[in-house]
Structures are given as C-alpha cells and as structure tokens.
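Sequences listed follow chains A and B, in order. Those letters in the first sequence? Residues 1 to 357, by the UniProt record's numbering. Those letters in the second sequence? Residues 1 to 542, by the UniProt record's numbering. No residue lacks a Cβ here, since even glycine has one placed at the ideal position from N, Cα and C.
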Amino acid sequence: MKLSFSPRLSPFLMPSLFTNLHRSVCSASSIPPPPTTPKPQTPLFLRPPTHSATTSDLQKWHDWANTLASSVGSTFVDLDNGPDSTLLRRELKWLMEDAIEETKNVDNNDGSVRLRVEIEELYMLWKQRVEERRPFQYVVGCEHWRDLVLCVEEGVLIPRPETELIVDLVGDAVLGNEGLREGLWADLGTGSGAIAIGIARVLGSGGRVIATDLSPTAVGVAAFNVQRYGLQDIVELRQGSWFGPLKDVEGKLSGFVSNPPYIPSDNIAGLQAEVGRHEPRVALDGGVNGMDDLLHLCKGAAFMLKPGGFFAFETNGEEQCKYLVEYMENDAGGSFCNLNIVADFAGINRFVTGFRR
Amino acid sequence: MSSFMLRRRASRGGSWQLLCPNPEAKSRFFPNLLFSTLSESQHRNVNQPSNPQNLRNPIERRNILDSGISSFSHNTSKTPSGSLQNPTFSSSIFVSGSKPLALSSGNAASGKNISGCGVLGLPTVKSLYSGRGRFGLVCLFGTQAAVEPSTCDGLTVDRIIASEWPILDEYESDWKSHAAAIAQSIHLIKKRLQWKKLLVRLDMLSAEVNKPDLWNDPVHAGKISREHGSLLGKMKEVQTFERELLEHVDMVKLAREENDTELESESMNALLNMRRTSKEKEIEALLAGEQDPCSCYIEVQAGAGGTESNDWAAMVMQMYKMWAQRRGYNMTLVDEMPGEIAGIKRATIKVDGEYAFGYAKAEVGVHRLVRISPFDSNKRRHTSFAAVAVTPILGDASEHVQINESDLRIERFRSGGAGGQHANTTDSAVRIVHIPTGITATCQNERSQHQNKASAMAVIQSRVDQLEMARQNKMNAQYSQSLTDITWGSQIRSYVLQPYRMVKDLRTNYEVSDPDSVLEGDLDGFILSYLSACLDKDEDDN
C-alpha cells in the first residue's frame, strides 16, 4: 500500500482518505476485530540499499531540496506555526541519513552511492514534505522517540516529544515499588506503541503491558515496533475501544497510562497542516471541550486499577489538568489519592498522575 | 616537526646534568658492576647519595645485581654464573612495589629504613630489603631515578648526548648517529613528561597507595591507584626504551668485535626502528596530562560584530571539523545556533578519539581574523574574533561530579503554541541550566527530545567536571599544569588574509604564510609547537 509514493494521488485526497477509513473503523468498533491487522509499511531506514545513484545526481537532488527548504523561510511559521527553513534543512539531513546507505560514502571514488529508494522517489518524498506538508515522520516512516526508533505511517499518531515524559513518570512511580514494577499495566490508545514499549523497558522482565488501540493500522504498526524491540513476551496488543478489550483484567491493573485525543473539536480545523491534514483525526479530536475521552478514562480508572495502582494521562494543558484533578477529587467518590499535575519541558501543565486508593 | 629538531639541538648539553645528578655515583658504589641496567633493583632518591647500608650484606647485593643482569638480554653473554634466573624480575617489582608497607611490616630492618626516610624528610618509600627462602629477592622502591642504565663500557643515555655524535639521515647506517638521535628523543621525552616531577609524584603516590587505610575512601583510592598505575607505566616505558637503546648499542659493539655481520645488521635495524618510533613517543609524551587521552567538546562562539564575526566563527568551526577529520576523529555536532544572515553565533561539536582533548586544549582562547569582509559592500578591512573553549569528556564515570536533579532546570528550547497533539515538529531542542554554576547547554541535533536531553546533560556534566578539576588544580598547586592558567578570554592566534597572508600564534610565535591550509584544518604545527612550548615553560619555571 505505497500510497505515499504514488504521484497521481492528490495530496489533499490522501489524508482524508485515511481519515475516512479510520472513521469507518471507529464507528464499526462493535463488530469483532478483523482477523489480521494490516501489514505495516517498512520505514526508509530499514529498507535494503538496492538502488544506486551517482554522486552528482544525488548532489543535484540535495541542492534542489535545499533550495526548496530555503524558499519556505518563515511562511509556515506565520501560517500555522509550522516548520521554518532551518528545521526543514535539518530534516533534509536526516532524510539523507535514512535514505543513503552510509552518508560518509557520498564522496567515495567510484562516484556512486547506494540508496534505499530510487532517486526519483527522493524528489517525490521531499516535494510531499514541503509542498504538501506531509509530516517528516511519515516521509521517512519513523519517529525517533526517547532512545527508540518507532515505525509510523499514515493512520497512526506520531508520538510527541512531550509524551516521552510519561515513561519517566512511570519510572519514578515504580522506583522502589516492586509491586507496581511487577504488575500488569495498560496503555490505552497506544498508536505506534510508543508508551507501551517505553514502559515495558522501564518495568523489565517482571512486568506486563497490555496495549490497545481502536485502529487496526495502529495495532499492526505497534505490533511491528514491539517485535522490533523484542518485547512480544511483555507487551500484548489488543484491538478495541478503550476498556472494551480489557474486561478480563478489571480491578487487576497496577498501572494505567494513556495519551487520548484531547483537542477540542473546534480547534481541529485550525491545526498545523502536518497535523490537521495528515494525522488521524480519531487520535486527536477529544469532543466539544476535548475532555470526552479523558473523562471516560478517569471513570474507568476507578474500576480498572487495583488499590495502590498508578495512572498517568496526557492532557491539552493547564485547563484540562485542573478540571481532571477537580473531578477526581470531588466526583470520583474519593477513589484516588496523591493527585499531581506535571508540566512538560515547555512549562505547560501537561500530565495528571495519581494513585487508586 | 622542524621545531622539534631545533628544540632538540638547543637542548643538547643543556640540562642533562640535572637529569643525571650524580653520574659518577654508580661506579663508585658498584665498582664490580658489569652492566648497570639495574635501575629497577636499586633506588636512591634523586637528591640523596646512594645509601649502601640499604644493602645488608655483600651477598645480597650481589644477588640483586645478578638478578638484574638476568633480566637482561641473553645476548650479553657474560652473565656471572650462579645468578638468580628471574626473567619476570622487572614485572614482579611493580607488583611488589604496590604494597611495600604491608610486606615490610614486622620486618625490623626495613622498618628502620622507612623511618630513616622520614628523618630525611623524603616522601619516598625506598627501603630495599631482601626476603628469604625460595621467594628470593623482594625489592621495594619508589623511584628508580638515580642509577641509570648503561652499556658494558659505561655508556649512558646522557653520555651519548654529551658525546655530540653527529646525527645523520636515517638511511646512513651509522649506529652512533641512530643512538644519538634516540638519546635526544629520550631526553626530550623525559623533559616533556616532567621527569623529575613525575618521579616525585610517583613517590608520593606510592606512599599513598601503601597506606593501609587507603581503601576506606574507595573513590579517592581508585583515583590514587589509577594515577599511580598510569605514572608507573609511563616511567617504565621510558626506562625500557632507554635499556633497549643501550642493549642494541652493546650488541652492535659485540657484533663488531666478533665480526658477526648478521648480528650487526640486525642490531642496526633495531636501532633504526627505535629511531623511528621515538618520534611517535616524543609526541605521545607531549600528551601526558591526566585528561589528555579523553574525547572532548569544542565550542566556538562568535565575538561581537554581526555577520562578519558570525562568518568567522563558522570558519573556525569548519577548521576544527576538518582537523578532526584529518586526525581520524569522530565528529558530531551537538549544538549550533546559526547567525541571522550567515555563519554561526555559537556551535559545539563533540570530538571522539584518543587524545582529542590533549591536542584540542591547545586551541583554547580567542582567535582573531583580519580580512576585507565579503559582507561589507565598501570592501573595508574588518577584524573579528571568535572564542574557543575545549572541555574534556571524562571516560571514567566515577570521576564525575555528582549532579543533583534538583539543581537542573530543563527547558524545551524554541517552543511555542499549545504543543502536545497540536504540534508536529521534529525540533525537540532542549536547554539545561545547572543552577548553582549557571552553566548552560543546549542540544537540538538529535532526533528525539530524550537524546537531546542526554547530549545536553553530557555537556553540562563535562563542564561541571572541568570546573571541579580547575578548583582542585588550584588547591593542588604542586602538580598543577600550566595549561589550566589560560583564561578563556585571551587572544591566542591571529589570522590575516589581507593585506598580507599569515597565521601567527601569539603564544609561540609559530607562523604559517598559508592561511588556507590552516583554515582547512592543518593545525598540528600550531598545536605541537604550543604543547612543547608549554613544557619548556614549565621546565624553566622550576
């Protein structure tokens, strides 16, 4: 399904096609999951270097790409807080890293380099990046997240740098608490599997993580990533909506984390092009005030977690954090304690953590 | 390299007496000595005449001497019969040398020796005593400076230098020429290693290592025993090199006496090989500092002056990148803040490889450029400055200063907007501030925030470590290196592109008339001349 490389597809048709696809999956969540998940695309850096190009052709492509990046200036920044030329040029460097067998060989003697895609495709990919604002991570098929390289593709939310902190929060929670470390954890709406893989590595061999997602594409990509890090014995993937696939572990979870969709529906239209046009809306849109899924998860936390169990949610910011804490303190019937709001590195209150009483 | 030749010639006949404080002592005290490659079995402090009482009776003394001989090459066929055959002699010395106090406890004789040292105020463990029974000789010592190795006919390294044999080209098969060249290298190497200081320091460390309560503080103990091992290794290496030289000289002479042409050419080749490796050793000796073998960060910061100065900073950075490449070092960009129109405001690279810090430390300071600025439409001449800082990356985690998490402020750099799911960005730059010192590090070159944070943290760690080392060096003035005196703000080098072309180091006056080659990373001439000048200065200061 190499949609991304087909030049005939309109850039505007592509993402909406994906979105529609997933919306339909979304609405059909009551029917049993399909027997097989779609096979994920192979990211650029994992493809065999079966193509080659002359150094001068590659240089020509690079010059062209560089000029295209420079022509952007601060247009995208002004438009929707998108990338500027400096950032695009850095991405270009990373694209080279991923596409060329070894960047050092660019100036070797026989005048050719080995590529993981055809040079024509490189032109196309960079055009998509700059002109269609296709996210860089979809272009190369991976996202570097913490110390991981996670495969991603259209239909799967690209893990955000902020979300890395959830793994640190879990690390702090299990520090000196073997009961938590060796318990059963859940990551709901796992997407690429980022958080599940991150906490599986924190928990070590004693822990177990169930990762769920509504989207079969996401489950397929997450399974691929779990496999790549050799965690298939620790991370189990289940397809379905929120607590749907977790009936058998009610009240048994030691920990429960999620980065659910939290953007208020009204904001979706004004999102940065990379996000709004290309990422799956189902992973972003949190309803009228963005709290639909967060509140659902909060309610669920009370009956999913065992006493002493830990939870961490990512939110849209200060307002949602406060609302959640207030809700948990007052309306959740005293089920939770040690509620805490944690800021990300940009200083935005981003996470709510706490324990089941 | 030309500077070395000059230096070597200049140092000939200079301070060799200092290095050999008592050249006659050996023959006076050991008249029956045939081969005096016995430095390991005897020890006397440099400042103290040989103490014959240390040898409790002539037989023991004879044993010592003999066993020394036995470690000698088999080709010196005149080994006295009945000598202790102890081929591992030299290495066993170093083993026993690491805990002489423990060995000597309960031994009245050696106890006396040690207290005797104390009276003389020498920080040396230099008792010499022999054990009994099948363990044979146990030899303790701190330094082994006094008795030098020599050939059968009493030729020593210093005497070779003093003979002023002409040094001919390598292809001339003249053993005297080879020997003279090697001897001069040895002399230079000793000078660069600060030989006397090294021996004194080694004595101190040996005493420290032998304290029974040393390991009460494992961190300190680790540090001490590492330094002890490292200095011991350096000393041993030089002494081995010395001994080798004299052995080969003996061999050449022997071969000539016996008309053994095969042996002669063999030995001549050995000398030639030594002569060649001695050049490498000379350079190695320049880099004898504790942190010299480390990898390092090089940071370049543009001075005031806008685009022209930003461009100059970028040129300097490029110079180091190319220099690192030439030396075969691995280079990674950690942080770069581009200028508005051209060049960089600031950049940090990490240079990975052996002795990266040892060389790069010579570049610390302000670099000045004079040229007609391409950014000036009136074609006027501009002077710009760029400051260079170099920080070693300590390889051993136990030497790191402990940094408290609570002392750090970690910020997302250049972020704006709501973040989270709202934004797709590959920019995850992180800035870390170490609040107590105000040290700041930024990294935006990695592909994940986690990695950027780790990189920035590594920079913070090495800067904090460097601060701590500077503080300790101040306290420990006895063995401080003059390099730490350099202030970050002092101007070290001038690059003139117009009206004439020249690069000149203001510290050494080393100059090159081809700025292009320098800016393309041909820096070793500057670096080596500076490093050797530094050591000259140290020597003069003493």
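Coil, strand or helix - B/Gln239 by DSSP: In the three-state DSSP reduction, B/Gln239 falls in the helix class (H, G or I).
- prompt: Are A/Leu148 and A/Tyr262 touching if we call contact CB-CB under 8 Å?
  reply: no
message: Using DSSP's beta-bridge definition, name the partner residues of B/His450.
response: In DSSP, B/His450 forms no bridge with anything.
field: Close-in-space but distant-in-sequence residues of the same chain around A/Leu339 (CB under 8 Å, 5 per side omitted)
entry: Val325, Met328, Glu329, Val352, Thr353 and Gly354
Chain-ordered chain B contacts of A/Gly317 [CB-CB under 7 Å]: Ala418
field: For B/Thr440, the residue or residues it bridges with in DSSP
entry: B/Val433
- prompt: Is A/Tyr327 close to chain B, meaning its C-beta is less than 8 Å from at least one C-beta of that chain?
  reply: It does not; no Cβ of chain B falls within 8 Å.
task: Can you grab the Cα-Cα spacing for the pair B/Gly353 / B/Ile182, in whole Å?
output: 28 Å
task: Under 7 Å between beta-carbons, which chain A residues line up against B/Ser406? List them in chain order, please.
output: Neighbours of B/Ser406 on chain A: none; closest Cβ ~14 Å, over 7 Å.
field: Neighbour list for B/Glu411 in chain A, Cβ cutoff strictly below 9 Å
entry: Phe345, Ala346 and Gly347
message: Run through chain B and tell me which residues come within less than 9 Å of A/Asn66, C-beta to C-beta.
response: In chain order: nothing, as chain B lies at least about 14 Å away.
message: Along the segment 152 to 174 of chain A, where does the CB come closer than 7 Å to a CB of chain B? Name the residues.
response: Ile158, Arg160, Pro161, Glu162 and Glu164
task: Compute the distance between the beta-carbons of B/Val252 and B/Ile186, then report whether it is under 8 Å.
output: no
message: For the pair the segment 228 to 236 of chain B and the segment 324 to 333 of chain B, tell me if three or more CB-CB distances fall below 8 Å.
response: no
message: Between A/His144 and chain D, is the shortest Cβ-Cβ distance under 8 Å, so that the two count as touching?
response: Of the chains in the structure shown, none is chain D; the protein chains are A and B.
- prompt: Based on Cα-Cα distance, which residue from A/Ile195, A/Val221, A/Gly220 and A/His296 lies nearest to A/Gly255?
  reply: A/Ile195
query: Is A/Arg356 near A/Ala301, with beta carbons less than 8 Å apart?
result: yes
field: Under 7 Å (Cβ pairs) to chain A, residues found in the segment 246 to 280 of chain B
entry: none
message: What ranges does the beta strand (DSSP E) occupy inside the segment 371 to 440 of chain B, keeping only unbroken runs of at least 3 residues that lie completely in it?
response: The segment 371 to 440 of chain B contains these whole beta strand (DSSP E) runs: 381 to 393, 408 to 412 and 430 to 434.
query: Does any CB atom of chain B fall closer than 8 Å to the CB of A/Ile263?
result: yes
query: Looking at B/Tyr320 and B/Val459, is the spacing between their C-beta atoms short of 8 Å?
result: no
query: Is A/Pro83 buried or exposed, if buried means 16 or more other CB atoms sit within 10 Å of its CB?
result: buried
- prompt: Going by DSSP, what residues sit across from B/Gly365 in a beta bridge?
  reply: B/Val388
task: Please confirm whether B/Leu528 and B/Leu286 have their CB atoms less than 8 Å apart.
output: Yes, the pair counts as a contact, with Cβ atoms nearer than the cut-off.
query: Is B/Gln301 helix, strand or coil when you go by DSSP?
result: strand
message: Please tell me whether B/Ala255 and B/Glu264 are closer than 8 Å, where the distance is taken between their beta carbons.
response: A contact, by the Cβ cut-off of 8 Å.
- request: For the segment 240 to 277 of chain A, list the beta strand (DSSP E) runs that are entirely contained and at least 3 residues long, ordered along the chain.
  value: Whole beta strand (DSSP E) segments, 3+ residues: 253 to 258.
Of the listed residues B/Phe241, B/Gly343, B/Lys350 and B/His382, nearest to B/Met331 (C-alpha basis): Nearest C-alpha to B/Met331: B/Lys350.
- prompt: Can you check whether the CB of A/Val221 is closer than 8 Å to the CB of A/Cys151?
  reply: Cβ atoms of A/Cys151 and A/Val221: closer than 8 Å.
message: Quick check: the segment 359 to 373 of chain B against the segment 489 to 509 of chain B, are at least 3 beta-carbon pairs closer than 8 Å?
response: yes
task: Give the interface partners of A/Glu314 over in chain B, defined as CB-CB distance under 9 Å, in chain order.
output: Gly420 and Gln421
message: Which same chain residues end up closer than 6 Å to A/Glu91 when comparing Cβ atoms and leaving out the 5 residues on each side of it in sequence?
response: Phe136
- request: Could you name the residues of chain A that B/Arg447 contacts, counting a contact when the two beta carbons are closer than 7 Å?
  value: Trp94 and His144
message: For A/Asn81, tell me which candidate among A/Arg133, A/Ser265 and A/Ala218 has the shortest Cα-Cα distance.
response: A/Arg133
Helix, strand or coil at B/Asp516 [DSSP, three-state]: B/Asp516: helix per DSSP, three-state reduction.
Backbone secondary structure at B/Trp165 - three-state DSSP: B/Trp165 falls in the coil class under three-state DSSP.
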